[in-house]
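Novice: Got a structure for you, written out below as structure tokens; questions coming shortly.
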Amino acid sequence: MLKLLHVDDDADILEVAKMSLELSGGFETVGCLSGEEALTIAPDYMPDVLLLDVMMPGMTGFEVCESLKNNEATEHIPVILSLIH
82 MLKLLHVDDD ADILEVAKMS LELSGGFETV GCLSGEEALT IAPDYMPDVL LLDVMMPGMT
142 GFEVCESLKN NEATEHIPVI LSLIH
């Protein structure tokens, strides 16, 4: 099972995506409501892929991606940026 870290400031989107990805996609998912939270969780959780909302208050998905790519522990993790709202 692949591990996915999903970052979105909308709890409802996180929950719907979690149900969909776990039921039909074979993913184990962990959700974060902010970029700051994702930066804390990602190095310990070590997901196989990151799904980042682009438009978030505080840190945008682009900023989260840049921070994770500048971290030696997480730089190899593929990133999907989502523009859907």
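For the sequence shown, our numbering gives the first residue as 82, with consecutive numbering after it. For glycine and all other residues, C-beta sits at the position ideal for the given N, C-alpha and C. None of the values given here were measured: they were computed from a predicted structure.
1. Assuming Val135 contacts Ile158 under a Cβ cut-off of 8 Å, what Cβ separation, rounded to an integer in Å, is found between them?
2. Under 8 Å: do the stretch 138-152 and the stretch 114-122 share three or more Cβ pairs, one atom per stretch?
3. Give me the residue from Thr110, Glu156, Leu164 and Glu96 with the minimum Cα distance to Pro124.
4. Identify which residue in Glu144, His87, Met127 and Leu164 has its Cα closest to the Cα of Thr110.
5. What does the alpha-carbon distance come out to for the pair Leu83 and Leu104?
6. Using 10 angstroms around the beta-carbon of Met137, count the other beta-carbons present and answer buried if the total reaches 16, otherwise exposed.
7. Within a Cβ cutoff of 6 Å, which residues of the same chain sit near Lys154, ignoring the five residues on either side of it in sequence?
Specialist: So, from the listed chains and residues:
1. Beta-carbon to beta-carbon, Val135 and Ile158 are separated by about 17 Å, too far to satisfy the 8 Å threshold.
2. These segments touch.
3. Selected option, being the one with the closest Cα: Glu156.
4. Comparing Cα-Cα distances from Thr110 to each of Glu144, His87, Met127 and Leu164, the minimum goes to His87.
5. The C-alpha of Leu83 lies about 13 Å from the C-alpha of Leu104.
6. A buried status is given to Met137, since no fewer than 16 other beta-carbon atoms sit within 10 Å of its beta-carbon.
7. One point to set straight first is that residue 154 is Ala, not Lys, in the sequence displayed. The beta carbon of Ala154 lies closer than 6 Å to those of Pro124 in the same chain, with the five residues before and after it left out.
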